[in-house]
Amino acid sequence: MFDAGFISVLVLVVAVVSGIVIGFILKQSIAAKEIRSSKNLMARMAEEAKKEAETIKKEAVLQAKENLLKVKAEFDAEAKERRNDFDSREKRIRSKEENLDNKTDALAQKESSMESREKSLTSKEQSLEDKRRRLDATLLEQQEKLEKIAGISPEEAKTFLIQSMETEAKKDAAALVRKIEDEAKLTADRKAQEVIAYAIQRYAGDVVAEKTVSAVNLPSEEMKGRIIGREGRNIRAIEAATGIDLIIDDTPEAVVLSSFDPVRREVARISLERLIQDGRIHPGRIEEIVKKVRTEVDQIIRETGEKASFDAGVHDVHSELITLLGSLKYRTSYSQNVLQHSIDVAYLTGIMASELKMNVREAKRAGLLHDIGKAIDHKIEGTHAAIGADYAKRFGENPRIVQAIATHHDDGRNNTLLGVLVQAADTLSAARPGARREMLETYVKRLEGLEKIANSFNGVDKCFAIQAGREIRILVENEKISENDATMLCKDIVKKIENEMTYPGQIKVTVIRETRVSDFAK
Numbered sequence: 001m002f003d004a005g006f007i008s009v010l011v012l013v014v015a016v017v018s019g020i021v022i023g024f025i026l027k028q029s030i031a032a033k034e035i036r037s038s039k040n041l042m043a044r045m046a047e048e049a050k051k052e053a054e055t056i057k058k059e060a061v062l063q064a065k066e067n068l069l070k071v072k073a074e075f076d077a078e079a080k081e082r083r084n085d086f087d088s089r090e091k092r093i094r095s096k097e098e099n100l101d102n103k104t105d106a107l108a109q110k111e112s113s114m115e116s117r118e119k120s121l122t123s124k125e126q127s128l129e130d131k132r133r134r135l136d137a138t139l140l141e142q143q144e145k146l147e148k149i150a151g152i153s154p155e156e157a158k159t160f161l162i163q164s165m166e167t168e169a170k171k172d173a174a175a176l177v178r179k180i181e182d183e184a185k186l187t188a189d190r191k192a193q194e195v196i197a198y199a200i201q202r203y204a205g206d207v208v209a210e211k212t213v214s215a216v217n218l219p220s221e222e223m224k225g226r227i228i229g230r231e232g233r234n235i236r237a238i239e240a241a242t243g244i245d246l247i248i249d250d251t252p253e254a255v256v257l258s259s260f261d262p263v264r265r266e267v268a269r270i271s272l273e274r275l276i277q278d279g280r281i282h283p284g285r286i287e288e289i290v291k292k293v294r295t296e297v298d299q300i301i302r303e304t305g306e307k308a309s310f311d312a313g314v315h316d317v318h319s320e321l322i323t324l325l326g327s328l329k330y331r332t333s334y335s336q337n338v339l340q341h342s343i344d345v346a347y348l349t350g351i352m353a354s355e356l357k358m359n360v361r362e363a364k365r366a367g368l369l370h371d372i373g374k375a376i377d378h379k380i381e382g383t384h385a386a387i388g389a390d391y392a393k394r395f396g397e398n399p400r401i402v403q404a405i406a407t408h409h410d411d412g413r414n415n416t417l418l419g420v421l422v423q424a425a426d427t428l429s430a431a432r433p434g435a436r437r438e439m440l441e442t443y444v445k446r447l448e449g450l451e452k453i454a455n456s457f458n459g460v461d462k463c464f465a466i467q468a469g470r471e472i473r474i475l476v477e478n479e480k481i482s483e484n485d486a487t488m489l490c491k492d493i494v495k496k497i498e499n500e501m502t503y504p505g506q507i508k509v510t511v512i513r514e515t516r517v518s519d520f521a522k
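Read in order, the letters of the sequence shown are residues 1 to 522 in the working numbering.
This is the structure:
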């Protein structure tokens, strides 16, 4: 007999097994239901997809038809446009062909016409050639007859004709030149003379002339040996420190200083004088003295430039230009001190400017600075006028001042009024008696050269160089030289003097032609 515990376990096992079986059966039924519902859903989805595909297919077919129709329409339009284009081109080509045909016909007609004209011209050329030959023969015959009658060759006749025409042209030109000069001088000469005379009357500056070679006097001949030093070391030290050549020769109790730079020469002169006074002459002392003197000379140059600027009434000048102006104290031109000459020109230019109602300060400034190029023209290539104008421009001078400095030696044709005044004042300062000294030999050669140039022209009877070579007077033969010829002769002599001679200032050329009639009272 089974006990109660076993039975309860057995019941429990049966219940569990029954629950499992029932659960499996329920699960299978549920799964079957889900499978059936899924199949139904899939069938519906397939049906819907099929319907949607049919719809899309229909829409695609419709869209394709629309695109096809659109492309067809565009193609038809383009084809129509091209046909129209081809038609228009065909019409243009036909019209061009017609024009070419017409031109071809016209050219053919012209060619035939040209051929006929060419034949006509050929015949005419032949006829003209025959006529030319007959004419040449006739001219040659007439020329031979004329040569026999006249007794001269064609070349001689041509030369005679050219000479007569040249003489006539010269006479006409001389008459015209003389008329123009007379009209200009009628108003210009008197006013110019008044202005220049008034300027000279108001300013009478001192004439300063200095030697161009510096010499140092010695207390005794023994000093020469001390200057030379042992084996020449002292003289070499002096030359090296100052940049000059020290010439010791047989000149008693004197040595000569030679240098292209006047400032260096002045430094060397003062240094040598102090060494002689001090008595201690050796290389170390020489370098010390030269250094001190160079500083003193630079200070003297600056003070001299400032004083000249102040005396001339020219202010606010650049310090570099002041230094250049002061260094002109040691420069000479034809033995005339350039600084004193510049001050003279400043005063004369200012006086003439006041007479002409011009800017007096500007005129004085241009006159004072006109020769600053001479302070440096031995260091830089070029004329002192161009160098001075360049430095004035570099240091801020007015363009009118620069132009006057650059052109103060020009002929005045391209010059300004201020430049002409500076040029006139420059000539006045240099041409005053005693302002410049020249060697007697050079002076005599210039006078002889003037008279030689004047005598080289035909028709000159006598000539005399006067006014210290500033003027030459020429007497001509009135039978050979007319009044108009005398005008041309004067200009030709002036040109030859300018081309062949070198001289300071200017030279006046006067041609004198006079007619003398003599008779006797009985």
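Where is the CB? At the ideal position from N, CA and C, for every residue including glycine. Bear in mind the structure is a predicted one, so any value in this text is a computation, not a measurement.
Exercise. Which residues bound the alpha helix (DSSP H) around residue 472?
Worked result: Unbroken run through residue 472 is the beta strand (DSSP E), 471-476; no alpha helix (DSSP H).
Exercise. Roughly how many angstroms separate the alpha carbons of residue 88 and residue 123, rounded to a whole number?
Worked result: Each residue's Cα considered, the two are about 52 Å apart.
Problem set entry | Backbone secondary structure at residue 359 - three-state DSSP | The answer is coil: DSSP assigns residue 359 none of H, G, I, E or B.
Problem set entry | Start and end residues, alpha helix (DSSP H) containing residue 325 | In the DSSP assignment, residue 325 falls within the unbroken alpha helix (DSSP H) covering 319-327.
For this session: For residue 175, collect the residues of the same chain with a Cβ closer than 7 Å to its Cβ; drop the 5 residues on either side in sequence, then sort them by chain order.
Result: In its chain, beyond the 5 residues on either side, 484 have a beta carbon closer than 7 Å to the beta carbon of residue 175.
For this session: State the CB to CB distance for the pair residue 238 and residue 286, rounded to an integer number of angstroms; the pair is presumed to be in contact (CB under 8 Å).
Result: Correct: roughly 6 Å between the Cβ atoms.
Exercise. Is it true that the CB of residue 389 sits closer than 8 Å to the CB of residue 368?
Worked result: Contact annotation: residue 368 and residue 389 have beta-carbon atoms that are not nearer than 8 Å.
Exercise. Do residue 421 and residue 465 have their C-beta atoms within less than 8 Å of each other?
Worked result: It is not a contact, given that the beta carbons lie outside the stated cut-off.
Exercise. When you compare only the Cα positions, how much space is there between residue 340 and residue 329?
Worked result: Residue 340 and residue 329 have their alpha carbons spaced roughly 8 Å apart.
Exercise. Do residue 216 and residue 254 have their C-beta atoms closer together than 8 Å?
Worked result: Cβ distance < 8 Å, so residue 216 and residue 254 count as in contact.
For this session: Evaluate residue 5 with the Cβ neighbour count: other Cβ atoms within 10 Å of its Cβ, from every protein chain shown; 16 or more gives buried, anything less gives exposed.
Result: Its Cβ having fewer than 16 others within 10 Å, residue 5 is exposed.
Exercise. Beta strand (DSSP E) containing residue 462: first to last residue?
Worked result: Counting along the chain, residue 462 sits inside the beta strand (DSSP E) bounded by residues 460-466.
Exercise. Should the segment 217-225 be called in touch with the segment 242-258, which here means at least 3 C-beta pairs below 8 Å?
Worked result: Short answer: they touch.
Exercise. Straight-line CA distance for residue 164 to residue 170?
Worked result: If you take the alpha carbons of residue 164 and residue 170, they lie about 10 Å apart.
For this session: Taking all protein chains shown into account, decide if residue 410 is buried (16 or more other Cβ within 10 angstroms of its Cβ) or exposed.
Result: When all chains shown are included, residue 410 counts as exposed.
For this session: Would you mind sorting residue 269 into buried or exposed? The rule is 16 or more other CB atoms within 10 Å of its CB.
Result: When all chains shown are included, residue 269 counts as buried.
Exercise. Would you call the segment 129-141 and the segment 450-465 touching, i.e. three or more CB-CB distances under 8 Å?
Worked result: No, they do not touch.
Exercise. Whole-angstrom Cβ separation of residue 263 and residue 327, contact assumed at under 8 Å?
Worked result: Between residue 263 and residue 327 a beta carbon distance of about 6 Å is seen, short of the 8 Å cut, so the two are scored as contacting.
Problem set entry | Identity of the residues DSSP links to residue 21 by a beta bridge | Looking at the DSSP assignment, residue 21 forms no beta bridge with any residue, so it has no partner.
Exercise. The beta strand (DSSP E) with residue 272 in it runs from where to where?
Worked result: From DSSP, residue 272 is part of no beta strand (DSSP E) but of the alpha helix (DSSP H) over 262-278.
Exercise. For residue 337, which beta-bridge partners are listed by DSSP?
Worked result: Paired residue(s): 332.
Exercise. Taking residue 497 as the reference, which of 457, 9, 478 and 519 has the closest Cα?
Worked result: Answer by Cα proximity: 457.
For this session: Assign residue 290 to one of two classes, buried (16 or more other C-beta atoms within 10 Å of its C-beta) or exposed (fewer than that).
Result: The Cβ neighbour count for residue 290, taken over all protein chains shown within 10 Å, is at least 16; the residue is labelled buried.
For this session: Look at the alpha carbon of residue 56 and the alpha carbon of residue 66, and state the distance between them as a whole number of angstroms.
Result: Rounded to whole angstroms, residue 56 to residue 66 spans 15 Å at the Cα level.
For this session: Give me the Cα-Cα distance between residue 68 and residue 49, rounded to the nearest whole angstrom.
Result: The straight-line gap from Cα to Cα measures roughly 28 Å.
Exercise. Are the beta-carbon atoms of residue 418 and residue 400 separated by less than 8 Å?
Worked result: Against a cut-off of 8 Å, the Cβ pair of residue 400 and residue 418 comes out as a contact.
Exercise. At what residues does the alpha helix (DSSP H) containing residue 390 begin and finish?
Worked result: Here the alpha helix (DSSP H) through residue 390 covers 384-394.
Exercise. Residue 385 and residue 406: beta carbons closer than 8 Å?
Worked result: Cβ atoms of residue 385 and residue 406: closer than 8 Å.
For this session: With DSSP collapsed to three states, give me the class of residue 422.
Result: DSSP places residue 422 within a helical segment (H, G or I) once states are collapsed to three.
Exercise. Across which residues does DSSP place residue 217 in a beta bridge pair?
Worked result: Residue pairing from DSSP places residue 217 in a beta bridge opposite 254.
Problem set entry | Bridge partner(s) assigned by DSSP for residue 511 | DSSP, once it has assigned bridges, lists 474 as partnering residue 511.
Exercise. Residue range of the alpha helix (DSSP H) that residue 492 falls in?
Worked result: In the DSSP assignment, residue 492 falls within the alpha helix (DSSP H) that extends over 483-500.
For this session: Go ahead and pull the three-state DSSP assignment for residue 519.
Result: Note: residue 519 maps to coil in three-state DSSP.
Exercise. Three-state secondary structure (DSSP) at residue 249?
Worked result: In this structure, DSSP gives residue 249 a state outside helix and strand, which the three-state scheme calls coil.
Problem set entry | Through-space distance from residue 506 to residue 514, alpha-carbon basis | Rounded to whole angstroms, residue 514 to residue 506 spans 26 Å at the Cα level.
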